[in-house]
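Report on one structure; see the data block that follows.
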Amino acid sequence: MSAAVRFDHVSKRFDTPRGPLHALQDVAFDIEAGEFFGLLGPNGAGKTTLISILAGLSRPSSGRVAVFGIDVHADPMQARRRLGIVPQELVFDPFFTVREALRFQSGYFGIRGNDAWIDELLAGLGLTDKADTNMRQLSGGMKRRVMVAQALVHRPPVIVLDEPTAGVDVELRQTLWAFISRLNREGSTVLLTTHYLEEAEALCGRIAMLRAGRVIALERTADLLKRASANVLRFKTDQMLPAALAARARVTGRIKQIKVHDAYEVEQTLAALRQAGVVMEDIEVHKADLEDVFLDFMAVQPTAEAPA
Amino acid sequence: MSGWQTLLRKEVLRFWKVAFQTVAAPIVTAMLYLLIFGHVLEEHVQVYDGVGYTAFLLPGLAMMSLLQNAFANSSSSLIQSKIMGNLVFILVAPLSHWAWFVAYVGSSVLRGLVVGTGVLLVTAWAAELRFAHPLWIGVFAVLGAGLLGALGVIAGLWAEKFDQMAAFQNFLIMPMTFLSGVFYSIHSLPPFWQAVSHLNPFFYMIDGARYGFFGVSDVSPWLSLAVVGTAFVLVAALTLHLLRIGYKIRH
């Protein structure tokens, strides 16, 4: 059985006025049928370029992409039937209502009389009472839900979500993940890119990390987390940290997190903070999460070579 | 069951839902042309024997509106979808370049025909129209609208901004339609401009349609058919090629 998605040594080069830009360099991995797969990386790492190539919106400079063994460029019609793509940009057709948009999208795939499934999608994504509302009148979060529904009208075996939760509220995220998880349990393969590492940690069985167009990590999420050698000392403070500690700290507003390897290091760090007169609240030591691992990878791995 | 019917239906509904702007407005514009030019020139210009100026003007106005609206339909639909970003929903669907062609050009032909017919209906009071060869009228109306609909697809794919589209429309489509003999017979022009007009494919669409109405025209309808037919085939082939390679819509 061929992989649900196979990226076979995919490279993409853009020619810019300042010389060639290597958006993707020899990206090669498989996503097996039924997986919930995460694709992580900072902005500009090439995630969306990779998904555009998968979706047939962009052609690779070299390499090939196949969906269940079907080359997305040699046989785009068959490949597209197997893919449900939720693009990153919030886009909609202002002329139509939610139900019309979903009926049209079904029709593009040659499906008539799809209302039973459309109703299920509307219910699953919390859109039932918006079915006859014009797209223009929906909030951003509601439009995002419609985009997800549009990608699913033809019951694609592979669902691709490109940062579906960027800038949307908690309620939508929960509705969306409940629904997508259900489809995954029922057999759909899911490829997700997200900036919310917590989501990737919670949902994805396997993760690939991209940086500067290269795959720098490809592992089961559990194994990735095990690689985090350290624990994290977490506390809140309004004060500046001493320079030596500030260099090692992950700062999110008042929340400071410092990597520690053992109890001795915890004591030393706390002593240093006390000595500097830092007043701390809510002190805790916890296991490193995916964000710590991610930051380690982004910091430690060698950067991509200079463009050829 | 294939997707082209749905895409065609969507494209038709797109203009029909805003018919006030896409159908009624151009009909009103054509009526204004008729009121002004018909009033000013009726007494002064006689083009064909036994055909008053206003009667001469009507088929030209109807054809001009038909052509301009066929172009506007596909071009504005594509550029709007490109700029809004919602073209992606069609790009990820299994629709062939033929499906795109039939939907965008077909809806443009329909809008052209609706507007053209509307212009004739609301201006019918102004002069007595003859329909000498209705089949010729139909042939030039459909071919002309198809040609402009396909040109609209090319412009819509090519343009990245609304002002590029406006340039295409104002510097190419408008002059070619206005200088095609809508308002005059090219026999009234000096020899040089007559020769120039003969190079304008739009002239043959208008002249051919006018033959259908009056049974007289500046050139033979068969010549017009050959020119318009050839132009349609060439432009359609280019349009299909650009759609197949995803010109400016797939990178």
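Residue numbers (our numbering), protein chains in the order written: chain X, 214 to 521; chain U, 498 to 748.
For each residue, glycine too, the CB sits at the ideal point set by N, CA and C.
It should be emphasised that the depicted structure is a prediction, and the values quoted were computed from it without experimental measurement.
Contacts around U:W595, its chain only, beta-carbon distance under 8 Å, and the 5 residues preceding and following it disregarded: W501, L737
In chain U, which residues lie less than 7 Å from X:A268 when you measure between Cβ atoms? V589
Rounded to a whole number of angstroms, what is the C-alpha to C-alpha distance between X:V479 and X:E432? 30 Å
Output the distance between the C-alpha atoms of X:A391 and X:V464, rounded to the nearest integer angstrom. 31 Å
Can you give the Cα-Cα distance for X:V491 and X:V473, rounded to whole angstroms? 18 Å
Local conformation of X:P370 per DSSP, three classes: coil
For X:D382, the first and last residue of its enclosing alpha helix (DSSP H): It is not in any alpha helix (DSSP H) - X:D382 carries neither H nor E in the DSSP assignment.
Would you give the residue range spanned by the beta strand (DSSP E) that X:K225 belongs to? 218-229
Determine, using beta carbons only, whether U:M581 comes closer than 8 Å to chain X. yes
At 8 Å on the CB atoms, spell out the chain X contacts of U:H748, in chain order. S265, L270, S271, R272
Could you confirm whether any beta carbon from chain U is found closer than 8 Å to the beta carbon of X:E414? no
Could you give the distance in angstroms between the alpha-carbon of X:L270 and the alpha-carbon of X:L438? 34 Å
Which runs of the beta strand (DSSP E) at least 3 residues long sit entirely within the segment 591-663 of chain U? Give them in chain order. none
Proximity below 8 Å, CB of U:F534 to CB of U:L504: no
For chain U, check one thing: does any of its Cβ atoms lie closer than 8 Å to the Cβ of X:P233? no
Check X:M453 in the structure and name its three-state DSSP category. coil
Among X:L315, X:P255, X:A268, X:T262, which has the Cα closest to the Cα of X:L340? X:L315
Is DSSP giving U:S491 helix, strand or coil here? With chain U represented from 498 up to 748, any question about residue 491 of chain U goes unanswered, as that position is not in the structure.
Beta-carbon neighbours of U:R741, restricted to chain X and to distances below 8 Å: Near U:R741 there are no residues of chain X at all, since even the closest Cβ is about 11 Å away, more than 8 Å.
Going straight from the alpha carbon of U:V537 to that of U:G646, what length do you get? 33 Å
Any idea if U:N570 is buried or exposed, counting beta-carbon neighbours within 10 angstroms, 16 or more meaning buried? buried
Starting from X:R463 and walking both ways along the alpha helix (DSSP H), at which residues does that stretch end? First-last for X:R463: 462-465, but that is the beta strand (DSSP E), not the alpha helix (DSSP H).
Residue burial classification, X:E414 (beta-carbon count within 10 angstroms, cutoff 16): buried
Count the C-beta pairs between the segment 597-605 of chain U and the segment 368-383 of chain X that are closer than 8 Å, then say yes if the count reaches three, no if not. no
Please confirm if X:P377 has its CB atom under 8 Å from at least one CB of chain U. no
CB-CB length for U:L644 against U:V515, believed under 8 Å: That belief does not hold up - the Cβ atoms of U:L644 and U:V515 are roughly 24 Å apart, past 8 Å.
Would you verify that the beta carbon of U:G500 is, or is not, closer than 8 Å to some beta carbon of chain X? yes
Since U:S773 contacts U:A623 with CB under 8 Å, what's their CB separation in whole angstroms? Nothing in the structure corresponds to residue 773 of chain U, since chain U is present only between 498 and 748.
Short of 6 Å in beta carbon distance, which residues of its chain neighbour X:F322, apart from the five on each side in sequence? Order them along the chain. H367
Does X:M422 come out as helix, strand or coil in the three-state DSSP assignment? strand
Out of U:W633, U:R707, U:L532, state which residue places its alpha-carbon closest to the alpha-carbon of U:V679. U:R707
Any chance the segment 416-431 of chain X sits against the segment 251-263 of chain X, with 3 or more Cβ pairs inside 8 Å? yes
Proximity below 8 Å, CB of X:I244 to CB of X:V218: yes
Which one or two residues does DSSP pair with X:T310 in a beta bridge? X:N347
Quick one: Cα of X:G173 to Cα of X:T388, how far? In the structure as shown, chain X starts at 214 and stops at 521, and residue 173 of chain X therefore has no counterpart that could be examined.
What residues from chain X crowd round U:T503, counting only those whose CB sits closer than 7 Å? F317, G320, Y321
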